[in-house]
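**Q** Residue numbers (the working numbering): 363 to 442.
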Amino acid sequence: MDIFRVFDSLNYLPNMILGMEAAGNAGGVVEASISYTGDVCDPNRTKYSLDYYLKLADELVKAGTHILSIKVRDSEAWVP
363 MDIFRVFDSL
373 NYLPNMILGM
383 EAAGNAGGVV
393 EASISYTGDV
403 CDPNRTKYSL
413 DYYLKLADEL
423 VKAGTHILSI
433 KVRDSEAWVP
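Below, the structure is given as structure tokens:
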């Protein structure tokens, strides 16, 4: 395998970085996947806002991901 998808269902960064480092050290291409659920366009949802996901994406890029993907975890999630 050449591409390793690394994710944590709770987007817990330390767990993701552990997997990213292991895959990278093995010579693989690292694909970090953000678990998305919710509606970033809803101003009443403040915990998992657009800023939350942008910060998480930035941290994953800084940690060395080669590919960044988003996995929609909620079948009722609205994606613009």
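We put the CB at the ideal spot given by N, CA and C, even for glycine.
1. Relative to the C-alpha of Tyr374, which candidate in His428, Cys403 and Tyr415 has its C-alpha closest?
2. DSSP puts Met394 in a beta bridge; with which residues?
3. Return the chain-ordered list of same chain residues with a C-beta closer than 8 Å to the C-beta of Tyr410, the five sequence neighbours on each side being excluded.
4. Just to confirm my understanding: we take Gly381, look at its own chain, exclude 5 residues before and 5 after, and list those with CB closer than 7 Å. What are they?
5. Could you check if Thr408 is buried or exposed, using at least 16 other CB atoms within 10 Å of its CB as the buried criterion?
6. Thinking Leu453 and Ala384 are a contact (beta carbons under 8 Å), I'd like their distance in whole angstroms, please.
**A** Let's see:
1. Tyr415
2. At residue 394 the sequence reads Ala, which differs from the Met that was named. Val368 and Leu430.
3. Cβ within range, chain order: Thr399, Gly400 and Val402.
4. Same-chain partners within the cutoff: Val368.
5. exposed
6. What is shown of the chain runs 363 to 442, which leaves residue 453 out entirely.
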